[in-house]
Amino acid sequence: MAEVLVVVDATGGAPKKVSLELLTLARTLGEPAAVVFGDAAPLDAKLKEYGAAKVYVADAPDIEKYLVAPKATVLANLVRDKQPAAVLLPSTQEGKEIAGRLAVKLDNGLLVDAVDVAADGTATQTVFAGSTIVKSKVTKGIPLITIRPNSVTPTPADSPGAAAVESVAVELSDTDKLATVTDRVAEKKGSRPELTEASIVVAGGRGVGSAENFKLVEDMADLLGGAVGASRAATDSGFYPHQFQVGQTGKTVSPQLYIALGISGAIQHRAGMQTSKTIIAVNKDGEAPIFELADFGVVGDLFKVVPQAMEEIRKRK
48 MAEVLVVVDA
58 TGGAPKKVSL
68 ELLTLARTLG
78 EPAAVVFGDA
88 APLDAKLKEY
98 GAAKVYVADA
108 PDIEKYLVAP
118 KATVLANLVR
128 DKQPAAVLLP
138 STQEGKEIAG
148 RLAVKLDNGL
158 LVDAVDVAAD
168 GTATQTVFAG
178 STIVKSKVTK
188 GIPLITIRPN
198 SVTPTPADSP
208 GAAAVESVAV
218 ELSDTDKLAT
228 VTDRVAEKKG
238 SRPELTEASI
248 VVAGGRGVGS
258 AENFKLVEDM
268 ADLLGGAVGA
278 SRAATDSGFY
288 PHQFQVGQTG
298 KTVSPQLYIA
308 LGISGAIQHR
318 AGMQTSKTII
328 AVNKDGEAPI
338 FELADFGVVG
348 DLFKVVPQAM
358 EEIRKRK
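Each residue of the sequence shown is one higher than the last, beginning at 48 in the numbering used here.
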């Protein structure tokens, strides 16, 4: 069975949820082989659990010293050497940049933001700002695909993988060293899950009214154990920080549950959350476009509806 390379995104000594999703998908395409940039030892147990037969480790100072170019070069050399059946990467900012550079180096086709991949390499994508679902396939080279987080339920393999470690040489050209990392600032972590990986997202829009009123959105998210998101209208108005923006020019999320509070549902916002499994909308405008997309909608004042909903949730807990 041919190998399927999975680029692992890890933080805090553990693979991110999207990496486990990729390993789950990889098992339908061939034999999963994880690619780790950095120390792979802390990831060993999880990679085995999700079926990684091999773990290719590129652990060298140059990987962290420069931007993504070294990772693309290492991955390109690995693809040429191992001839895998496919390469899967997370559809994150870094994952998509690595994939783009890799496609150029290999003269290979590329599909981004897929939400599923069939056994024959056919990817399912949402395009045109999320208004259309298409089936796509790479016609030149191997399937090189980035997968949107939360698109697949991560499932452990029926039998653990061997996760045999193989070191990969890091040989870089001068062009790989043109952009140097001068500093890294860790993002402050709270108790909430990361927005793009959260299974529940509660998002507020212009209808929330103010930064102070966003406390209601946060309280709802905390009650459900979810992440907080915001529409562009809300972030542009200064109600919430821009790094929490969901939409075409913000982050793309695909949680099990998306609750939109005071969000009209412009197509730019829908592009960032349309693949959510269940969508609930609360808006006082019964004609708001968000209701065309919502599985459940409440036409009403969110400042009356949400506190009642939270009270009922607390009772049921």
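All C-beta atoms in this analysis are idealised placements derived from N, C-alpha and C, irrespective of residue type, glycine included. Given the structure is predicted, the values throughout are model-derived calculations rather than measurements.
Going by other Cβ atoms of all chains shown within 10 Å of its Cβ, with 16 needed for buried, is residue 298 buried or exposed? On the sequence shown, residue 298 is found 251 positions in, with the first residue counted as 1. It counts as buried.
How about the region 270–285 and the region 240–258: do they share at least three Cβ pairs that are nearer than 8 Å? Flag = yes, the region 270–285 and the region 240–258 touch.
In angstroms with no decimal places, state the Cα-to-Cα distance between residue 247 and residue 153. In the sequence shown, the residue the question calls residue 247 occupies position 200. In the sequence shown, the residue the question calls residue 153 occupies position 106. Between residue 247 and residue 153, the C-alpha separation is close to 38 Å.
Are residue 327 and residue 343 touching if we call contact CB-CB under 8 Å? Within the sequence shown, numbered from 1, the residue matching residue 327 stands at position 280. Within the sequence shown, numbered from 1, the residue matching residue 343 stands at position 296. Yes, the pair counts as a contact, with Cβ atoms nearer than the cut-off.
Please name the residue, chosen from 306, 48, 296, that lies closest to residue 272 on a Cα-to-Cα basis. As a working mapping, residue 272 is identified with position 225 in the sequence shown. Residue 306 is the option with its Cα nearest to residue 272.
Close beta carbons around residue 149, own chain, < 6 Å, minus the five adjacent residues each side: Here the question's residue 149 lines up with position 102 in the sequence shown. The residues are 119, 122, 123.
Would you be able to state if there are at least three C-beta pairs under 8 Å between the region 288–302 and the region 322–341? yes
Between the Cα of residue 226 and the Cα atoms of 211, 335, 115, 68, which residue gives the shortest distance? In the sequence shown, residue 226 corresponds to position 179, counting from 1. Checking every option, the nearest Cα to that of residue 226 belongs to 115.
Three Cβ pairs or more, each shorter than 8 Å: is that satisfied between the region 204–222 and the region 166–186? no
According to DSSP, is residue 278 helix, strand or coil? On the sequence shown, residue 278 is found 231 positions in, with the first residue counted as 1. In the structure shown, residue 278 falls within a coil segment according to DSSP collapsed to helix, strand and coil.
Can you confirm whether the region 259–278 touches the region 328–341 when touching is taken to mean that 3 or more C-beta pairs between the two stretches lie within less than 8 Å? no
Beta-carbon spacing of residue 147, residue 110 below 8 Å: For the purposes of this step, residue 147 is taken as the residue at position 100 of the sequence shown. For the purposes of this step, residue 110 is taken as the residue at position 63 of the sequence shown. Not in contact: residue 147 and residue 110 (Cβ atoms no closer than 8 Å).
Who are residue 326's beta bridge partners in DSSP? Working through the sequence shown from its first residue, we reach residue 326 at position 279. Partner(s): 305.
What's the call for residue 160, buried or exposed, on a 16-neighbour Cβ count within 10 Å? What you label residue 160 is simply residue 113 of the sequence shown in a count that begins at 1. That one is buried.
Compute the Euclidean distance between the alpha carbons of residue 107 and residue 347, then round it to the nearest angstrom. Stepping through the sequence shown from its first residue, residue 107 is reached at position 60. Stepping through the sequence shown from its first residue, residue 347 is reached at position 300. Distance between the alpha carbons of residue 107 and residue 347 is about 56 Å.
Where residue 269 and residue 92 are concerned, what is the direct C-alpha to C-alpha distance, given to the nearest angstrom? Looking up residue 269 in the sequence shown gives position 222. Looking up residue 92 in the sequence shown gives position 45. Those two C-alpha atoms are separated by around 30 Å.
Based on the DSSP output, what are the partners of residue 163 in its beta bridges? In the sequence shown, residue 163 corresponds to position 116, counting from 1. In the DSSP assignment, residue 163 is bridged to 171.
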